[in-house]
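**Q** Please see the structure below; I have some questions.
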Amino acid sequence: MSQPDTDCDKDENETEGDESSEEEVEPKLKYVRMANDLKNILFSDSISCVAVHPKLLVVGANWGKIYLLDHQGNIVSNKALKKHSVAVNQISIDISGEFIASCSDDGKVFICGLCTSDSNQELSLGRLVKSVAIDPNYYKLGSYRRFVTGDERLVLHERIFLARINSTVIGEAEGGVQNIKWNGQFIAWASDHGVRVYDVSAHTSLGFIKWNKGSLSKDENYRCNLCWKDSNTLLVGWIDTVKICIIRKRKMNEMYSQDIPNYLVEPVSTFNTDFIISGIAPYGLRELVVLGYSKEVDDDGKPLRPHLHLLEPQADDYIDMYADNLSLRGYVEYAANDYKLENLSGENWFIIVSPKDIIIASSFDADERVEWLIDHCKFEEAMTAVEEAGRDLSRNSLLSVGRKYLDHLLFAQEYDQAAELCHRIFGQDKRLWQEDVYKFASVHQLRAVSRYLPLKDKKLDPHIYEMVLYEYLKLDSEGFLDIVKEWSPDLYNVSAVVNAVLEHLLVNSNSNVLLEALAILYSYCGKYDKSLAMYLKLKHKGVFALIQKYNLYDAVVNMIEGLMMLDTDQAINLFIEKAKTPPESVIKALQDNPHYLFLYLDALEKRESKVSNKQYHGILVKLYAKFAREKLLPLLKRSDNYPIQEALNICKERSYYPELVYLLGRIGNSKEALHLMTQQLENIEQAIVFCQEQDDPDLWNDLIQDSLPRPDFLTFLLQKIGTYIDPTILVKEIKNGDKIPGLKNSLVKMMHDYNLQVSIQDGCKKILDTDYFNLHQKFVAMQKKAICVDDYHVCGACRKNILMKDSTGSDNILSFYCHHLFHEKCLTAFSEIEKCIICHKSSSHVNVL
Numbered sequence: 001m002s003q004p005d006t007d008c009d010k011d012e013n014e015t016e017g018d019e020s021s022e023e024e025v026e027p028k029l030k031y032v033r034m035a036n037d038l039k040n041i042l043f044s045d046s047i048s049c050v051a052v053h054p055k056l057l058v059v060g061a062n063w064g065k066i067y068l069l070d071h072q073g074n075i076v077s078n079k080a081l082k083k084h085s086v087a088v089n090q091i092s093i094d095i096s097g098e099f100i101a102s103c104s105d106d107g108k109v110f111i112c113g114l115c116t117s118d119s120n121q122e123l124s125l126g127r128l129v130k131s132v133a134i135d136p137n138y139y140k141l142g143s144y145r146r147f148v149t150g151d152e153r154l155v156l157h158e159r160i161f162l163a164r165i166n167s168t169v170i171g172e173a174e175g176g177v178q179n180i181k182w183n184g185q186f187i188a189w190a191s192d193h194g195v196r197v198y199d200v201s202a203h204t205s206l207g208f209i210k211w212n213k214g215s216l217s218k219d220e221n222y223r224c225n226l227c228w229k230d231s232n233t234l235l236v237g238w239i240d241t242v243k244i245c246i247i248r249k250r251k252m253n254e255m256y257s258q259d260i261p262n263y264l265v266e267p268v269s270t271f272n273t274d275f276i277i278s279g280i281a282p283y284g285l286r287e288l289v290v291l292g293y294s295k296e297v298d299d300d301g302k303p304l305r306p307h308l309h310l311l312e313p314q315a316d317d318y319i320d321m322y323a324d325n326l327s328l329r330g331y332v333e334y335a336a337n338d339y340k341l342e343n344l345s346g347e348n349w350f351i352i353v354s355p356k357d358i359i360i361a362s363s364f365d366a367d368e369r370v371e372w373l374i375d376h377c378k379f380e381e382a383m384t385a386v387e388e389a390g391r392d393l394s395r396n397s398l399l400s401v402g403r404k405y406l407d408h409l410l411f412a413q414e415y416d417q418a419a420e421l422c423h424r425i426f427g428q429d430k431r432l433w434q435e436d437v438y439k440f441a442s443v444h445q446l447r448a449v450s451r452y453l454p455l456k457d458k459k460l461d462p463h464i465y466e467m468v469l470y471e472y473l474k475l476d477s478e479g480f481l482d483i484v485k486e487w488s489p490d491l492y493n494v495s496a497v498v499n500a501v502l503e504h505l506l507v508n509s510n511s512n513v514l515l516e517a518l519a520i521l522y523s524y525c526g527k528y529d530k531s532l533a534m535y536l537k538l539k540h541k542g543v544f545a546l547i548q549k550y551n552l553y554d555a556v557v558n559m560i561e562g563l564m565m566l567d568t569d570q571a572i573n574l575f576i577e578k579a580k581t582p583p584e585s586v587i588k589a590l591q592d593n594p595h596y597l598f599l600y601l602d603a604l605e606k607r608e609s610k611v612s613n614k615q616y617h618g619i620l621v622k623l624y625a626k627f628a629r630e631k632l633l634p635l636l637k638r639s640d641n642y643p644i645q646e647a648l649n650i651c652k653e654r655s656y657y658p659e660l661v662y663l664l665g666r667i668g669n670s671k672e673a674l675h676l677m678t679q680q681l682e683n684i685e686q687a688i689v690f691c692q693e694q695d696d697p698d699l700w701n702d703l704i705q706d707s708l709p710r711p712d713f714l715t716f717l718l719q720k721i722g723t724y725i726d727p728t729i730l731v732k733e734i735k736n737g738d739k740i741p742g743l744k745n746s747l748v749k750m751m752h753d754y755n756l757q758v759s760i761q762d763g764c765k766k767i768l769d770t771d772y773f774n775l776h777q778k779f780v781a782m783q784k785k786a787i788c789v790d791d792y793h794v795c796g797a798c799r800k801n802i803l804m805k806d807s808t809g810s811d812n813i814l815s816f817y818c819h820h821l822f823h824e825k826c827l828t829a830f831s832e833i834e835k836c837i838i839c840h841k842s843s844s845h846v847n848v849l
């Protein structure tokens with residue numbers, strides 16, 4: 001994807017109108033053009049190669065000179081380095097940054113120590129030396145002081161005894177060695193045919209990666225770019241092909257002979273790009289940074305600007321995650337091999353080199369990324385970046401970024417989002433809230449932030465909450481009511497808000513919403529009478545909650561009927577609850593409204609079964625008779641607390657015959673009750689049940705007489721009466737010639753019932769006789785049972801032993817059925833004694849022992 005130009009100097013021909021109208025994507029890298037002393041160097045010379053180290057930057061020039069610079073482009077040492085006679089082809093630095101190796105087409109290789117000259121070397125090979133690599137551990141004492149050079153062959157040079165150099169050819173290269181990279185024990189080098197990796201410790205080659213040459217390779221000798229990602233991963237970029245190779249140890253089943261090396265090199269990912277590769281380096285754990293040179297040209301046939309890509313490699317493809325076009329000086333004059341890419345391993349720090357320019361690309365630090373997002377109005381991403389970065393930030397914080405975001409949202413009139421942001425960045429910090437809440441007040445949007453204001457732990461100053469309420473009062477009456485209900489009155493001055501509402505009502509006198517809010521505010525400041533009156537005026541059911549919340553039951557007495565008219569169910573529940581409203585008061589208040597009185601007493605009757613409430617049953621009888629007849633008879637049956645005569649009069653006036661029957665039966669007027677059942681109710685079955693309950697023969701005769709004119713009654717009586725009385729009484733009363741429907745069946749049923757009754761009586765008599773004789777036998781046996789008398793028994797009269805040693809045989813002992821014993825001589829008038837003088841139980845027989 002294309003991106004706007006970097007911060008590097010733009011070409012004069014470039015115009016601002018070239019920028020894409022699409023939304024700008026967040027860059028991954030920032031760019032700084034190296035200046036300072038490098039400017040002076042490039043004024044008279046040009047760059048041929050560069051080597052980078054965390055300590056310094058080494059620049060090789062086309063005139064053969066080597067410069068030591070810091071990362072800002074300043075010369076860091078005046079140490080005179082040996083100069084080549086022609087352009088420097090390659091520079092290599094050991095891992096310590098103390099020794100530098102350089103080579104040139106003049107056939108010479110220089111090894112120069114920056115801190116000491118003891119290990120300096122100069123080697124003249126007498127042929128073109130295109131590449132060089134120094135042993136990363138060259139600085140160590142006792143090491144071999146090795147380096148390799150590349151021309152038509154790859155040669156390993158080692159300093160031996162007496163500072164002599166031993167050179168060993170370790171590889172032949174058709175077309176010459178293009179590039180060398182030394183990492184640990186492995187040396188990677190490239191030729192026109194492919195890449196080889198040499199194991200210095202084992203003195204053997206690990207394998208050869210051959211190129212598949214395309215059409216582009218025939219036109220120009222493109223450089224192969226090598227870079228070690230880590231100790232066993234090699235990145236290779238040649239023409240438009242990228243290969244990611246790993247060096248792994250062979251498994252036991254792969255060791256065919258002892259001559260096979262322990263390690264081998266193999267590609268794990270290979271893919272082609274749409275551009276020519278001028279440099280390659282690792283980025284992070286998975287991505288690659290690739291310096292690309294476009295295969296296309298502009299309208300004038302000149303090269304396009306180089307571009308830096310961030311790629312995510314796949315097995316045989318890649319994802320182009322990000323790309324930047326680079327404005328390097330003089331890019332229209334350069335080819336792909338004129339550009340180079342060096343990197344500092346593990347730091348995401350890249351040096352992009354052209355003959356007349358050096359640009360340093362590096363990852364944004366946490367602060368820079370946040371600032372870029374802010375500059376491009378990507379505030380939400382900036383907030384997320386701040387939360388993720390944490391302690392890595394030095395110039396930015398969640399609060400500082402959040403405040404900039406807040407200002408942006410207010411300017412964009414995104415008030416709801418701005419209010420939500422306040423809650424996110426201010427939390428419960430009282431000071432921060434009070435500093436920034438006025439921003440909302442200035443644009444009359446305190447309503448948006450109201451639901452996020454701290455309401456519990458760290459409350460703000462009261463005037464802030466009052467400001468919010470005043471804004472709602474002026475602009476949103478419904479919202480004002482909602483927030484009055486939601487907020488605790490401790491947050492603000494209630495009296496001040498009440499005065500403001502009253503002033504506002506002078507203009508908006510018909511605002512029921514504000515009147516409701518005023519009622520709530522009155523309750524907050526303890527003016528409950530005004531609050532209740534306001535609710536009743538509005539006919540608002542919130543009055544019930546107010547009464548319960550503040551225990552205003554005493555005030556209910558004066559508004560009972562009004563509450564019933566407002567909501568009958570809630571009013572009744574309120575009156576009955578915990579008996580805080582005396583029933584006498586409710587009845588007195590509702591005496592002119594019998595329907596409300598009926599509803600109240602009916603609910604009271606359902607919920608309360610106390611004796612004290614039965615005193616109202618007389619009133620309830622009248623109300624049930626008028627509004628709920630179905631409840632009248634059950635009340636008459638279960639209660640004794642009503643005037644029966646008054647109830648009789650009510651039932652007669654309304655012709656409530658079932659109720660009249662019950663009341664007449666209750667006062668003993670059974671005949672009139674029976675007459676009502678047969679004549680008015682025409683319910684012969686109920687009449688039979690009534691007669692059965694009364695168990696009065698005269699009542700049965702009355703029933704028979706009332707039934708004689710009704711053949712249907714006679715049929716039912718013939719079927720049922722046989723169970724209760726002698727059916728012949730009824731049969732004798734029936735006149736000859738009367739037509740009775742179903743007479744035959746009724747007579748059969750009557751005779752069957754009567755016979756059944758007789759049979760049952762006979763069975764009962766037999767059972768009774770059997771029980772009589774059994775009990776009589778048991779009684780006789782009990783009477784014949786002996787009574788034990790011994791020395792321990794005493795006379796019930798004289799309290800002496802009943803058996804005495806000096807007693808004569810003629811002394812009698814009297815025993816009652818209660819087993820109390822007496823000396824006969826101790827009971828005077830024995831013949832007149834009929835019961836035990838101790839327990840006073842009558843005894844018709846006394847045993848004489």
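Everything in the sequence shown is counted per the UniProt record's numbering, starting at 1 for the first residue and increasing by one. Glycine residues also receive a C-beta, built at the ideal position from the N, C-alpha and C atoms. Here the structure is a predicted model, which is why all the values come from computation and not from measurement.
Going by DSSP, which residues form a beta bridge with E174?
**A** Within the sequence shown, numbered from 1, the residue matching residue 174 stands at position 174. The partner list for E174 (beta bridge, DSSP) is empty, contrary to what the question assumes.
**Q** Going by the CB atoms, is the gap between L288 and L311 shorter than 9 Å?
**A** Translated into the one-based positions of the sequence shown, residue 311 becomes position 311. Translated into the one-based positions of the sequence shown, residue 288 becomes position 288. It is a contact, given that the beta carbons lie within the stated cut-off.
**Q** With a threshold of 6 Å on Cβ separation, who are the neighbours of C839 within its own chain once the five nearest residues in sequence on each side are excluded?
**A** Numbered from its first residue, the sequence shown carries residue 839 at position 839. Here the set comprises C818.
**Q** Taking only the alpha-carbon atoms, compute the straight-line gap between S531 and G562 and give it to the nearest angstrom.
**A** As a first step, residue 531 is located in the sequence shown; it is residue number 531 there, counting from the start. As a first step, residue 562 is located in the sequence shown; it is residue number 562 there, counting from the start. Straight-line Cα distance between these residues: approximately 15 Å.
**Q** Based on the DSSP secondary-structure assignment, which residues constitute the bridge partners of P303?
**A** By 1-based counting over the sequence shown, the position of residue 303 is 303. Its beta-bridge partners are V297.
**Q** Using the rule of at least 16 other Cβ atoms within 10 Å of the residue's Cβ for burial, across every protein chain shown, is H71 buried or exposed?
**A** Numbered from 1 along the sequence shown, position 71 holds the residue referred to as residue 71. Buried, because 16 or more other Cβ atoms sit within 10 Å of the Cβ of H71.
**Q** Straight-line CA distance for D118 to K108?
**A** Within the sequence shown, residue 118 is the residue found at index 118, counting from 1. Within the sequence shown, residue 108 is the residue found at index 108, counting from 1. Cα to Cα, the separation comes out at about 19 Å.
**Q** Less than 9 Å separating the beta-carbons of Q178 and S191?
**A** For the purposes of this step, residue 178 is taken as the residue at position 178 of the sequence shown. For the purposes of this step, residue 191 is taken as the residue at position 191 of the sequence shown. Yes, these two residues count as a Cβ contact at 9 Å.
**Q** For T6 and K229, what's the separation of their Cα atoms in angstroms?
**A** Indexing the sequence shown from 1 puts residue 6 at position 6. Indexing the sequence shown from 1 puts residue 229 at position 229. Low confidence applies here, because T6 scores a pLDDT of 37, under 50, leaving its location unreliable; read the following figure in that light. T6 and K229: Cα-Cα distance of roughly 26 Å.
**Q** If we count the other Cβ atoms within 10 Å of its Cβ and call it buried at 16 or more, is N396 buried or exposed?
**A** Looking up residue 396 in the sequence shown gives position 396. The residue in question, N396, is buried, as its Cβ has 16 or more Cβ neighbours within 10 Å.
**Q** What do you reckon, is the C-beta of Y662 under 8 Å from a heavy atom of the ligand NAD?
**A** Only the bare structure without any ligand can be found here, which leaves the ligand NAD out of the picture.
**Q** Helix, strand or coil for E312, going by three-state DSSP, please let me know.
**A** Here residue 312 is taken as the residue at index 312 of the sequence shown, counted from 1. If DSSP states are grouped into helix, strand and coil, E312 belongs with the strands.
**Q** Please list, in chain order, all residues of the same chain as D476 whose beta carbon is under 7 Å from its beta carbon, the five residues on each side excluded.
**A** As a first step, residue 476 is located in the sequence shown; it is residue number 476 there, counting from the start. Counting only Cβ-Cβ distances below 7 Å, and skipping sequence neighbours, we find R447.
**Q** With which residues is W189 paired in a DSSP beta bridge?
**A** Here residue 189 refers to the residue found at position 189 when the sequence shown is read from its first residue. For W189, which the question treats as bridged, DSSP gives the partners I180, R196.
**Q** How is the alpha helix (DSSP H) around N573 delimited, first residue to last?
**A** Counting from 1 along the sequence shown, the entry for residue 573 is found at position 573. Where N573 is concerned, the enclosing alpha helix (DSSP H) stretches over 568–576.
**Q** Would you mind reading off the limits of the alpha helix (DSSP H) that contains A87?
**A** The sequence position of residue 87 within the sequence shown is 87, counting from 1. Note, A87: premise wrong, no alpha helix (DSSP H); not H, not E.
**Q** Between the alpha carbons of F779 and K825, how many angstroms are there, rounded?
**A** One-based indexing of the sequence shown puts residue 779 at position 779. One-based indexing of the sequence shown puts residue 825 at position 825. Whole-angstrom Cα-Cα distance: 30 Å.
**Q** Less than 7 Å between C-beta atoms, sequence neighbours within five positions excluded: which residues of the same chain meet that for I833?
**A** For the purposes of this step, residue 833 is taken as residue 833 along the sequence shown, with counting starting at 1. Excluding positions up to five away in sequence, the list reads L827.
**Q** Do S104 and K356 count as a contact pair if the criterion is CB distance below 9 Å?
**A** Along the sequence shown, read from residue 1 onward, the residue named residue 356 stands at position 356. Along the sequence shown, read from residue 1 onward, the residue named residue 104 stands at position 104. Not in contact: K356 and S104 (Cβ atoms no closer than 9 Å).
**Q** From Y331 to R153, what distance separates their C-alpha atoms?
**A** Locating residue 331 in the sequence shown gives position 331, where the first residue counts as 1. Locating residue 153 in the sequence shown gives position 153, where the first residue counts as 1. The alpha-carbon atoms of Y331 and R153 are separated by roughly 33 Å.
**Q** Given a threshold of 16 other Cβ atoms within 10 Å of its Cβ, counted over all protein chains shown, does T384 qualify as buried or as exposed?
**A** Locating residue 384 in the sequence shown gives position 384, counting from the first residue. Classification of T384: exposed, given that the 10 Å Cβ count is below 16.
**Q** Along the beta strand (DSSP E) that carries E122, what are the first and last residues, could you check?
**A** If you number the sequence shown from 1, residue 122 lands on position 122. Start and end: 121–124.
**Q** Taking 9 Å as the cut-off, decide whether the C-beta atoms of S102 and Y139 are in contact.
**A** As a first step, residue 102 is located in the sequence shown; it is residue number 102 there, counting from the start. As a first step, residue 139 is located in the sequence shown; it is residue number 139 there, counting from the start. No, the pair does not count as a contact, with Cβ atoms beyond the cut-off.
**Q** With which residues is W238 paired in a DSSP beta bridge?
**A** The residue given as residue 238 occupies position 238 in the sequence shown. Note: W238 sits in a beta bridge opposite C224, T241.
**Q** Using the DSSP secondary-structure output, state which residues sit across from E342 in a beta bridge.
**A** What you label residue 342 is simply residue 342 of the sequence shown in a count that begins at 1. DSSP, once it has assigned bridges, lists I351 as partnering E342.
**Q** Just grab the DSSP bridge partners of K108 for me.
**A** The residue labelled residue 108 in the question sits at position 108 within the sequence shown. Its beta-bridge partners are S124.
**Q** Cα separation between S21 and R451?
**A** The residue labelled residue 21 in the question sits at position 21 within the sequence shown. The residue labelled residue 451 in the question sits at position 451 within the sequence shown. Bear in mind that a pLDDT of 44 at S21, under 50, signals an unreliable position, so the number given afterwards is only what the model happens to contain. Computed Cα separation, rounded: 39 Å.
**Q** Between L536 and M564, is the Cβ-Cβ spacing less than 9 Å?
**A** In the sequence shown, the residue the question calls residue 536 occupies position 536. In the sequence shown, the residue the question calls residue 564 occupies position 564. For L536 and M564, no; Cβs fall outside 9 Å.
**Q** Taking all protein chains shown into account, decide if S394 is buried (16 or more other Cβ within 10 angstroms of its Cβ) or exposed.
**A** Along the sequence shown, one-based indexing puts residue 394 at 394. Answer is exposed; the Cβ neighbour count stays below 16.
**Q** Taking a contact to mean a Cβ-Cβ separation below 9 Å, would you say D567 touches F544 in this structure?
**A** Indexing the sequence shown from 1 puts residue 567 at position 567. Indexing the sequence shown from 1 puts residue 544 at position 544. A contact, by the Cβ cut-off of 9 Å.
**Q** Count the other CB atoms, across all protein chains shown, that sit within 10 Å of the CB of Q680; report buried if there are 16 or more and exposed otherwise.
**A** The count along the sequence shown starts at 1 and reaches residue 680 at position 680. With fewer than 16 Cβ atoms within 10 Å of its Cβ, Q680 is classed as exposed.
**Q** Can you name, in chain order, every residue of its own chain whose Cβ lies under 7 Å from the Cβ of L572, other than the five neighbours on each side?
**A** Translated into the one-based positions of the sequence shown, residue 572 becomes position 572. The identity of residue 572 in the sequence shown is Ile, whereas the question assumes Leu. Around I572: L599, Y600, A603.
**Q** Taking only the alpha-carbon atoms, compute the straight-line gap between I134 and L156 and give it to the nearest angstrom.
**A** As a first step, residue 134 is located in the sequence shown; it is residue number 134 there, counting from the start. As a first step, residue 156 is located in the sequence shown; it is residue number 156 there, counting from the start. C-alpha separation (whole angstroms): 10 Å.
**Q** Terminal residues of the continuous alpha helix (DSSP H) containing C651?
**A** Position 651 of the sequence shown, counting from 1, holds the residue named residue 651. Element bounds for C651: 644–654.
**Q** How many angstroms separate the CA atom of L69 from the CA atom of P267?
**A** Counting from 1 along the sequence shown, the entry for residue 69 is found at position 69. Counting from 1 along the sequence shown, the entry for residue 267 is found at position 267. Approximately 36 Å between the Cα atoms of the pair.
**Q** Please classify L69: does DSSP put it in a helix, a strand, or coil?
**A** Looking up residue 69 in the sequence shown gives position 69. If DSSP states are grouped into helix, strand and coil, L69 belongs with the strands.
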